[in-house]
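Mind the numbering: the sequence shown is residues 4 to 177 in the numbering used here, read in order.
Note that beta-carbon positions come from the ideal geometry of N, C-alpha and C, so glycine has one too.
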Amino acid sequence: MPRFSRPSRQKRTFSEPKTQLAIELLAQRPEPSAILVTDEALTLPENRAVWKTVLEYVRRGGTAAGLNWESGSYQRTTLALNPAAVSVANAEKLPQRYSQKAVFVKNVAPGDMWYKTDDDSVVQSMVFPATKVNMAGETAVALAKVGTGKLGYVGDVNAEEGSNAVVLAMCGLL
Numbered sequence: 004m005p006r007f008s009r010p011s012r013q014k015r016t017f018s019e020p021k022t023q024l025a026i027e028l029l030a031q032r033p034e035p036s037a038i039l040v041t042d043e044a045l046t047l048p049e050n051r052a053v054w055k056t057v058l059e060y061v062r063r064g065g066t067a068a069g070l071n072w073e074s075g076s077y078q079r080t081t082l083a084l085n086p087a088a089v090s091v092a093n094a095e096k097l098p099q100r101y102s103q104k105a106v107f108v109k110n111v112a113p114g115d116m117w118y119k120t121d122d123d124s125v126v127q128s129m130v131f132p133a134t135k136v137n138m139a140g141e142t143a144v145a146l147a148k149v150g151t152g153k154l155g156y157v158g159d160v161n162a163e164e165g166s167n168a169v170v171l172a173m174c175g176l177l
């Protein structure tokens with residue numbers, strides 16, 4: 004089941020509620036500042052009601068991070084910050100480049116790609132040669148508008164330090 008943030012004095016509290024509690028948390032005011040979806044649980048049939056509630060939350064202006072676009076490649080490479088996709092404040096705080104092993108998503112609009120491959124990106128592997136990897140339309144870090152809300156994705160599979168900052172920025176906590 005996904006984790007939902009509850010209001011608190013510390014600003015950040017995470018919980019992992021059961022189905023009915025998740026729906027109740029999304030109905031309370033103030034709403035959570037963001038929802039971090041960390042696995043496929045929302046796609047399971049038994050969580051259909053929660054999924055619909057999360058989508059309504061996003062359409063009203065909420066932010067959900069971790070939802071999928073179409074699955075792309077899987078590799079380790081260095082990604083470059085796309086300053087056109089992030090706010091000036093976030094661009095100053097986020098790493099300009101960082102390496103991550105990630106599941107990429109494809110068919111992402113360039114303006115939604117927070118990080119993307121560039122001419123300096125190469126496959127980083129102990130098995131495969133260091134070949135160039137400049138993939139148009141694919142990214143491991145994206146945030147797109149959905150209605151008046153936002154839908155984000157971070158494909159990092161190893162919880163790299165740069166990705167931790169990205170998730171906080173997507174949730175408005177950086």
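Item                                                                                                               : Value
Cα-Cα separation between residue 146 and residue 130, rounded to whole angstroms                                   : 32 Å
Buried/exposed call for residue 152, threshold 16 Cβ in 10 Å                                                       : buried
Residue closest to residue 160, alpha-carbon to alpha-carbon, out of 39, 112 and 107                               : 107
Residues bridged to residue 73 (per DSSP)                                                                          : 109
Residue 25 beta carbon near the ligand MN (any heavy atom closer than 8 Å)                                         : This structure lacks the ligand MN; in fact it carries no ligand of any kind.
Outcome for residue 136 when other beta-carbon atoms lying within 10 angstroms are tallied against a minimum of 16 : buried
Bounding residues of the alpha helix (DSSP H) (the contiguous stretch that carries residue 148)                    : It is not in any alpha helix (DSSP H) - residue 148 instead sits in the beta strand (DSSP E) that spans 144 to 149.
Exposure of residue 166, with buried meaning 16 or more beta-carbon neighbours within 10 Å                         : buried
Nearest-angstrom Cα separation, counted from residue 150 out to residue 102                                        : 32 Å
CB of residue 118 within 9 Å of CB of residue 176, strictly                                                        : no
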